[in-house]
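The numbering of the sequence shown is the working numbering, which starts it at 354 and goes up by one.
Cβ atoms here follow ideal geometry from the backbone N, Cα and C, with glycine treated the same way.
Being a predicted model, the structure only gives us computed values, none of them experimental.
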Amino acid sequence: MKERASTVPPPQIPLSFVATALLWLGALLLWNLLGSPPPLAALHALILGFFLTTAMGLIYQFIPVVAMTPLRLQPLCYVHLALAILGTATLVLGFANGNFSAVRDGGTIVLLGVLVQTVVVATTLRGQRPPAPAAAAAFSLLWLLATIVIGLWTAQRILDGDSTGRDVFSHAVVGLAGFFGTLIVGVTLRLLRMFERFDIEPQAPYLAGATGFAAVLALLAVFFAPELVFIPLAVAAAAFLFTLVRVLRDRNPAYQRETLVYALLSGLGALGAPLALAYGDGRLAILLALWFFVGCAVVGYLQRIVPFLWWIARSRREGTRNIPTLGEMNHSPLGYAILALWVLGGILYAAALQQLAAGFALVAWAGLLVQLARPFVLQKRTTPIPENDAA
Numbered sequence: 354m355k356e357r358a359s360t361v362p363p364p365q366i367p368l369s370f371v372a373t374a375l376l377w378l379g380a381l382l383l384w385n386l387l388g389s390p391p392p393l394a395a396l397h398a399l400i401l402g403f404f405l406t407t408a409m410g411l412i413y414q415f416i417p418v419v420a421m422t423p424l425r426l427q428p429l430c431y432v433h434l435a436l437a438i439l440g441t442a443t444l445v446l447g448f449a450n451g452n453f454s455a456v457r458d459g460g461t462i463v464l465l466g467v468l469v470q471t472v473v474v475a476t477t478l479r480g481q482r483p484p485a486p487a488a489a490a491a492f493s494l495l496w497l498l499a500t501i502v503i504g505l506w507t508a509q510r511i512l513d514g515d516s517t518g519r520d521v522f523s524h525a526v527v528g529l530a531g532f533f534g535t536l537i538v539g540v541t542l543r544l545l546r547m548f549e550r551f552d553i554e555p556q557a558p559y560l561a562g563a564t565g566f567a568a569v570l571a572l573l574a575v576f577f578a579p580e581l582v583f584i585p586l587a588v589a590a591a592a593f594l595f596t597l598v599r600v601l602r603d604r605n606p607a608y609q610r611e612t613l614v615y616a617l618l619s620g621l622g623a624l625g626a627p628l629a630l631a632y633g634d635g636r637l638a639i640l641l642a643l644w645f646f647v648g649c650a651v652v653g654y655l656q657r658i659v660p661f662l663w664w665i666a667r668s669r670r671e672g673t674r675n676i677p678t679l680g681e682m683n684h685s686p687l688g689y690a691i692l693a694l695w696v697l698g699g700i701l702y703a704a705a706l707q708q709l710a711a712g713f714a715l716v717a718w719a720g721l722l723v724q725l726a727r728p729f730v731l732q733k734r735t736t737p738i739p740e741n742d743a744a
């Protein structure tokens with residue numbers, strides 16, 4: 354029993370990353386609501402500050418739990434967080450001021466942080482044969498390293514006055530399809546098994562592998578046939594979405610539906626992005642890839658993973674009989690409202706109504722804070738004993 358317990362990392366590790374990510378998102382939305390941040394600064398604040406910081410923190414939780422192995426080198430996780438905060442702030446300020454030397458320096462600091470995480474994950478999995486979702490999450494770090502290296506190379510070429518659009522495009526393809534694609538596929542299939550009681554996890558190696566292969570083909574197409582970039586990405590996204598539709602058709606209706614709804618919205622964004630690219634609408638493709646494919650997964654899955662990890666912590670401390678069930682900690686109506694507001698914000702961003710979109714997204718952010726705070730304060734309901742019975 355003690356060995357099993359040791360495979361669950363201290364909750365403060367992932368929660369410190371999540372709290373930092375939520376602060377980044379709130380600050381970014383206020384920036385959009387009250388001003389007009391430079392597009393590249395806002396884009397990287399969203400990607401690095403919110404999406405990536407969340408992903409890095411949950412990787413520290415996801416991999417040890419799924420692989421059933423203790424998290425090693427735990428103090429280095431906080432070193433990573435410090436590097437992530439410093440690097441992201443430096444990079445975003447660099448974009449805001451048009452200072453690509455600062456962009457390069459910030460990216461270098463972020464890279465150092467990811468290297469620290471790679472060492473922690475590699476040490477944790479040393480000698481293990483992790484299940485496919487954990488392996489996909491670990492492998493996604495290699496894609497992340499490649500994304501950052503390409504980004505640094507692009508920043509340096511911009512400083513040298515020698516950059517091309519293909520440099521930026523390759524950076525985006527590797528990051529979105531390679532890193533986020535591989536990670537989201539692995540996490541989604543495990544969460545569907547946990548919360549929908551529908552096991553499609555055996556398909557994880559194939560879907561994650563197909564996603565990585567599509568990223569490689571798309572990267573090659575960037576340099577040799579840019580007009581064909583959308584094809585491998587659309588095929589991989591369609592395979593992912595088709596798998597989710599199967600779950601929708603065959604799932605057990607007795608279980609909560611939120612996880613599948615989050616996944617379906619993410620899958621629709623994944624498929625919509627390359628289709629928008631095929632029609633030459635790069636702005637819409639980026640919005641669908643980020644706000645819907647990555648964003649719906651991050652916003653949705655946070656509402657599952659945070660209550661789960663804190664329920665484990667509380668159950669150890671207080672006992673399972675004395676705390677609400679995991680289902681009670683996940684407040685479904687609020688979860689649907691958060692996702693509806695998030696989607697509406699994305700639609701308004703697509704319509705170039707930036708401040709209105711930021712307003713709706715900020716309400717979604719506030720709802721997300723309430724949702725994620727519930728597991729920490731919610732108490733188990735007790736049924737009053739009738740006076741006659743008490744006597």
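query                                                                                                                             : result
Cβ-based neighbour list, residue 553, same chain, cut-off 8 Å, excluding 5 preceding and 5 following                              : 542, 545, 546, 596, 599, 600
Selected residue, minimal CA-CA separation from residue 505, among 492, 444, 532                                                  : 444
Collapsed DSSP secondary structure at residue 543 in the structure displayed                                                      : helix
Element boundaries [alpha helix (DSSP H), containing residue 389]                                                                 : Premise fails: residue 389 is in no alpha helix (DSSP H) and is neither H nor E.
Beta-carbon proximity list for residue 456, same chain, < 7 Å, skipping 5 on both sides                                           : 444, 447, 448, 508
Residue 585, DSSP secondary structure in three states                                                                             : helix
Buried or exposed (CB count within 10 angstroms, at least 16 for buried), residue 670                                             : exposed
Sequence-distant residues of the same chain with beta carbon closer than 6 Å to residue 652, five excluded per side               : 695
Cβ pair residue 594, residue 571 closer than 8 Å                                                                                  : no
For residue 497, the first and last residue of its enclosing alpha helix (DSSP H)                                                 : 485-512
Host alpha helix (DSSP H) of residue 690 (start-end)                                                                              : 685-703
contact_flag[the segment 381-391, the segment 701-719] where n(CB pairs < 8 Å) is 3 or more                                       : yes
Assigned secondary structure, residue 360 (DSSP; H/G/I helix, E/B strand, else coil)                                              : coil
With 16 other Cβ atoms within 10 Å as the buried cut-off, status of residue 746                                                   : Lying before the first or after the last residue shown, residue 746 is absent from the chain, which here runs from 354 to 744.
Extent of the continuous alpha helix (DSSP H) run through residue 729                                                             : 707-730
Contact under 8 Å by Cβ, residue 399 with residue 643                                                                             : yes
C-alpha distance - residue 378 paired with residue 369, whole-angstrom precision                                                  : 14 Å
For residue 394, three-class secondary structure by DSSP                                                                          : helix
Meets three-Cβ-pair contact criterion under 8 Å: the segment 426-442 and the segment 478-497                                      : no
Where residue 427 sits in the DSSP three-state scheme                                                                             : coil
Nonlocal neighbours in the same chain, by C-beta distance under 8 Å from residue 576, ignoring five residues either side          : 519, 523
Cutoff 6 Å; reference residue 619; Cβ partners in own chain excluding five residues on either side                                : 646, 649, 650
Residue 538 and residue 500 closer than 8 Å at C-beta                                                                             : no
Rounded separation between residue 357 and residue 421 - CA only                                                                  : Summary for residue 357: the model assigns pLDDT 45, below 50, so the residue's position carries little reliability, and this model does not support an answer.
Close beta carbons around residue 743, own chain, < 7 Å, minus the five adjacent residues each side                               : Unreliable placement is indicated for residue 743, whose pLDDT of 40 sits below 50; the coordinate value is still reported in the next sentence. Nothing listed; no residue qualifies.
Burial state of residue 559, where buried means 16 or more other Cβ atoms lie within 10 Å                                         : exposed
Residue of 419, 366, 464, 373 minimising C-alpha distance to residue 403                                                          : 373
Beta-carbon contacts of residue 462 that lie in its chain and below 7 Å, excluding the five residues immediately before and after : 436, 439, 440, 443
Cα-Cα separation, residue 389 to residue 706                                                                                      : 12 Å
Residue 374, DSSP secondary structure in three states                                                                             : helix
Inter-residue spacing [alpha-carbon to alpha-carbon] between residue 676 and residue 616                                          : 28 Å
Spatial neighbours of residue 723 in its chain, beta-carbon cut-off 8 Å, leaving aside the 5 residues before and after            : 687
When 536, 527, 699 are compared against residue 567, the one with the closest alpha-carbon                                        : 527
Residue 726 versus residue 513: straight-line alpha-carbon distance, rounded                                                      : 47 Å
Spatial neighbours of residue 640 in its chain, beta-carbon cut-off 7 Å, leaving aside the 5 residues before and after            : 699, 702, 703
Contact belief for residue 472 with residue 494 at Cβ below 8 Å, rounded distance in angstroms                                    : Going by Cβ atoms, the distance from residue 472 to residue 494 rounds to 10 Å, so no, they are not a contact pair.
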